[in-house]
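Chemist: Residue numbers (the working numbering): 6 to 564.
1. When you compare only the Cα positions, how much space is there between residue 512 and residue 39?
2. Can you say whether residue 117 is buried or exposed, counting buried as having 16 or more other CB atoms within 10 angstroms of its CB?
3. Do the segment 146-156 and the segment 333-341 make contact, defined as three or more Cβ pairs closer than 8 Å?
4. Do you know offhand how far residue 320's Cα is from residue 357's?
5. Please list the terminal residues of the continuous alpha helix (DSSP H) segment that includes residue 437.
6. Looking at residue 484 and residue 496, is the spacing between their C-beta atoms short of 8 Å?
7. Please classify residue 124: is it buried, with 16 or more other beta-carbons within 10 angstroms of its beta-carbon, or exposed?
8. Checking 8 Å against the spacing of the C-beta atoms, do residue 504 and residue 528 come in under that value?
9. I want to know whether the segment 275-290 touches the segment 236-243 - three or more CB-CB distances under 8 Å.
10. From the DSSP output, which residues share a beta bridge with residue 338?
11. Between residue 323 and residue 283, what straight-line distance do the alpha-carbon atoms span, to the nearest angstrom?
12. So, do the segment 417-437 and the segment 391-403 have three or more beta carbon pairs nearer to each other than 8 Å?
13. Curious, which full-length beta strand (DSSP E) runs of at least 3 residues does the segment 69-153 contain?
14. DSSP three-state call for residue 285: helix, strand or coil?
15. Looking at C-alpha atoms only, which residue of 542, 145 and 385 is the closest neighbour of residue 507?
16. What separation, rounded to the nearest whole angstrom, lies between the Cα atoms of residue 376 and residue 343?
17. Are the CB atoms of residue 61 and residue 50 nearer to each other than 8 Å?
18. Evaluate the contact criterion for the segment 380-391 versus the segment 404-417: three or more CB pairs, one atom per stretch, below 8 Å.
19. What do you reckon, are the CB atoms on residue 151 and residue 135 nearer than 8 Å?
20. Report all residues from its chain with a CB closer than 6 Å to the CB of residue 374; omit the five preceding and five following residues, and keep chain order.
21. Just list the residues that DSSP pairs residue 326 with in beta bridges.
22. Taking C-alpha atoms, which residue in 306, 307, 298 and 304 lies nearest to residue 313?
23. Taking a contact to mean a Cβ-Cβ separation below 8 Å, would you say residue 142 touches residue 186 in this structure?
24. Out of 285, 465, 222 and 197, which has the shortest C-alpha to C-alpha gap to residue 228?
25. Starting from residue 3, follow its DSSP beta bridges and name the residues at the other end.
26. Could you please give me the residues that DSSP links to residue 180 through a beta bridge?
27. Quick one: Cα of residue 89 to Cα of residue 63, how far?
28. Hey, would you say residue 460 sits closer than 8 Å to residue 451, going by beta carbons?
29. Between the alpha carbons of residue 199 and residue 145, how many angstroms are there, rounded?
30. Give the straight-line distance between the Cα atoms of residue 448 and residue 184, rounded to the nearest whole angstrom.
31. Between which two residues does the beta strand (DSSP E) containing residue 514 stretch?
32. Rounded to the nearest angstrom, what separates residue 526 and residue 174 at their Cα positions?
33. Sort 475, 84, 353 and 341 by Cα distance to residue 442 and report the nearest one.
34. Would you kindly report the start and end of the unbroken beta strand (DSSP E) that includes residue 555?
35. Per the DSSP calculation, residue 502 is bridged to which residue(s)?
36. CB-CB under 6 Å to residue 349, same chain, minus the five flanking residues each way: which ones, in chain order?
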């Protein structure tokens, strides 16, 4: 796209997506409907004493439309902005997944999930079908998982990482229902080595890959109260299709696998497993879960995995006194370095407890406590006292509240207490690492029904401490809002005045915001917001004074 095309129509995004639609009652649907909205936002920013972090002027136009043909939804959206003056590659997506009784068909750009460790939400462009007649469960998808891109010869900063065209197929076979089932999943994805114009030697960091994943996913209702869930997968991943082939003396498993995929010196295999036992009775539930994911586990049918991890988790919860008291807890043990390849093994002990106490409509209280303990022990090398990580992060919060309601007004008094403390048990680093943060907020809210006025007022105190500095902030906040003209006009004003003391330097922080919202009939909405932030510190201090004014003007048309 040429830069002179339009100063604000630079990055343009067209995304078409149609969700699964049930065609069984198609004769009862309206033949055609069309609705949506268009929004224009104009943002102005002026700063004094601050580095330029954004453009002083920006304009964003966005639209969301939805056309419906006999109940089949076809959404469309776009965004136009002047934020970026270079254009790399259009992003056009269209897809639909109509369904009729137990048949669902996928076409176009879709993301389908067969299991967490195999095909798990990765967007592909292709076709697919899912069949669930009775106890039979079948799924099949095939398409392009990645398009081919090459270095932009006009601007190397855009699409500078070349990508191979990537195609894949996934099959799911299973039996059962949503409550009890067993599914076998097979996923095969491979890069097209001919999709880049140059050979792979020109791109040493981008080699063609291949992946074969087999997975088993199950859920078994052992009784009305007890359920078992299990999921496991084995991934055979080849990171470079150009690597040398394996010899006849290599693993017999890889020899057999070579009949299904290309196996060479870069081929590795990984496992992932997750199981849980769930117990549920009236007023009480608990979940015992185990998870283990090998270091480097990868499936090209998913975007990301938190690998090299093993954990056990127990999560009970119960409620009593007609659910006026609810208690949720969790305790877990986690470790990494599963193959002993790291210099140290990190062990985490995780515990949390949440209490909700609501004895009446007037009074209620929430409390929360968590303790995350991290410790290291020797891996491939001994752990020295000077570098060992041995920490505990504790968080405690308490939120009591009072609520008074009648036909003319609603009042609420809310107190928020929060304290976080990081303890370092390593004497060599504790003076630099240990810190404490405490927060106290007392808020009062009043809503007057007849006059349609809402008032807020609050007191704030924040304290942060460590061995190097101490920061204290205290102040007040106040706000008022009101609606006019049968709630077509809404005004709000909010102010805060804070005193800050940081590194023995005292200062003042002022925040003010003014907002106006106006609805004209059913289709038009105007919005204007103004924000001011001022930081004032003595001249010559280590902290500089600054000011910033930001305006946001918007218009929306809905049809």
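Every residue gets a Cβ at the ideal spot worked out from N, C-alpha and C, and that includes glycine.
Modeler: Result, derived from the coordinates:
1. Against the chain shown, residue 512 aligns to sequence position 507. Against the chain shown, residue 39 aligns to sequence position 34. Taking the straight line from one Cα to the other gives about 55 Å.
2. Locating residue 117 in the chain shown gives position 112, where the first residue counts as 1. Looking at its Cβ environment, which holds 16 or more other Cβ atoms inside 10 Å, residue 117 is buried.
3. Not touching, per the Cβ criterion.
4. In the chain shown, residue 320 corresponds to position 315, counting from 1. In the chain shown, residue 357 corresponds to position 352, counting from 1. Each residue's Cα considered, the two are about 9 Å apart.
5. Within the chain shown, the letter at position 432 stands for residue 437. The continuous alpha helix (DSSP H) containing residue 437 extends over residues 435-438.
6. Translated into the one-based positions of the chain shown, residue 496 becomes position 491. Translated into the one-based positions of the chain shown, residue 484 becomes position 479. Taking 8 Å as the cut-off, the beta carbon of residue 496 is found no closer than this to the beta carbon of residue 484.
7. Numbered from 1 along the chain shown, position 119 holds the residue referred to as residue 124. Label assigned to residue 124: buried.
8. As a position in the chain shown, residue 504 is number 499, starting the count at 1. As a position in the chain shown, residue 528 is number 523, starting the count at 1. No; because the gap between Cβ atoms is not below 8 Å, this pair is not in contact.
9. Judged by Cβ distances under 8 Å, the segment 275-290 makes contact with the segment 236-243, as three or more pairs qualify.
10. Residue 338 sits at position 333 when you count from the first residue of the chain shown. Bridge partners of residue 338: 317 and 354.
11. Looking up residue 323 in the chain shown gives position 318. Looking up residue 283 in the chain shown gives position 278. Those two C-alpha atoms are separated by around 14 Å.
12. Yes: the two stretches touch, three or more of their Cβ pairs being nearer than 8 Å.
13. If only complete runs of 3 or more residues are kept, the segment 69-153 shows the beta strand (DSSP E) at 77-86, 100-105, 108-118, 125-136 and 141-151, in order along the chain.
14. Taking the first residue of the chain shown as 1, we reach residue 285 at position 280. Here residue 285 carries a strand assignment [DSSP, helix/strand/coil].
15. Residue mapping note: residue 507 aligns to position 502 of the chain shown, counting from 1. Residue 542 is the option with its Cα nearest to residue 507.
16. Within the chain shown, the letter at position 371 stands for residue 376. Within the chain shown, the letter at position 338 stands for residue 343. One C-alpha to the other measures close to 24 Å.
17. On the chain shown, residue 61 is found 56 positions in, with the first residue counted as 1. On the chain shown, residue 50 is found 45 positions in, with the first residue counted as 1. Yes, they are a contact pair.
18. As far as the Cβ criterion goes, the segment 380-391 does not touch the segment 404-417, which means the pair count is below three.
19. Residue mapping note: residue 151 aligns to position 146 of the chain shown, counting from 1. Residue mapping note: residue 135 aligns to position 130 of the chain shown, counting from 1. No, they are not a contact pair.
20. Numbered from its first residue, the chain shown carries residue 374 at position 369. These residues qualify, in order along the chain: 358 and 401.
21. Translated into the one-based positions of the chain shown, residue 326 becomes position 321. Here residue 326 is not bridged, per DSSP, to any residue.
22. Taking the chain shown and counting its residues from 1, the one referred to as residue 313 is at position 308. Minimum Cα distance to residue 313 is reached at 298.
23. Locating residue 142 in the chain shown gives position 137, where the first residue counts as 1. Locating residue 186 in the chain shown gives position 181, where the first residue counts as 1. In this structure, residue 142 lies near residue 186, with their beta-carbon atoms less than 8 Å apart.
24. Translated into the one-based positions of the chain shown, residue 228 becomes position 223. Ranking the options by Cα distance to residue 228, first place goes to 285.
25. Only positions 6 to 564 of the chain appear in this structure, which leaves residue 3 out of reach.
26. If you number the chain shown from 1, residue 180 lands on position 175. In DSSP, residue 180 forms a bridge with 141 and 187.
27. In the chain shown, residue 89 corresponds to position 84, counting from 1. In the chain shown, residue 63 corresponds to position 58, counting from 1. Interpretation of residue 89 is limited by its pLDDT of 45, a score under 50 that renders its predicted location unreliable; the figure taken from the coordinates is listed afterwards. Each residue's Cα considered, the two are about 10 Å apart.
28. Position 455 of the chain shown holds residue 460. Position 446 of the chain shown holds residue 451. The answer is yes: Cβ separation under 8 Å.
29. As a position in the chain shown, residue 199 is number 194, starting the count at 1. As a position in the chain shown, residue 145 is number 140, starting the count at 1. Residue 145 has its alpha-carbon roughly 26 Å from the corresponding atom of residue 199.
30. Locating residue 448 in the chain shown gives position 443, where the first residue counts as 1. Locating residue 184 in the chain shown gives position 179, where the first residue counts as 1. Distance between the alpha carbons of residue 448 and residue 184 is about 46 Å.
31. Locating residue 514 in the chain shown gives position 509, where the first residue counts as 1. That run of the beta strand (DSSP E) goes 510-525.
32. For the purposes of this step, residue 526 is taken as the residue at position 521 of the chain shown. For the purposes of this step, residue 174 is taken as the residue at position 169 of the chain shown. Between the alpha carbons of residue 526 and residue 174 lies a distance of about 51 Å.
33. The count along the chain shown starts at 1 and reaches residue 442 at position 437. Proximity to residue 442 across 475, 84, 353 and 341 peaks at 475, based on C-alpha coordinates.
34. On the chain shown, residue 555 is found 550 positions in, with the first residue counted as 1. Its beta strand (DSSP E) spans residues 551-563.
35. Here residue 502 corresponds to residue number 497 of the chain shown, with the count starting at 1. According to DSSP, residue 502 bridges with 481 and 515.
36. Along the chain shown, read from residue 1 onward, the residue named residue 349 stands at position 344. Cβ-Cβ distances below 6 Å link residue 349 to 381, 384 and 388 in the same chain, with the five nearest sequence neighbours on each side left out; the list follows chain order.
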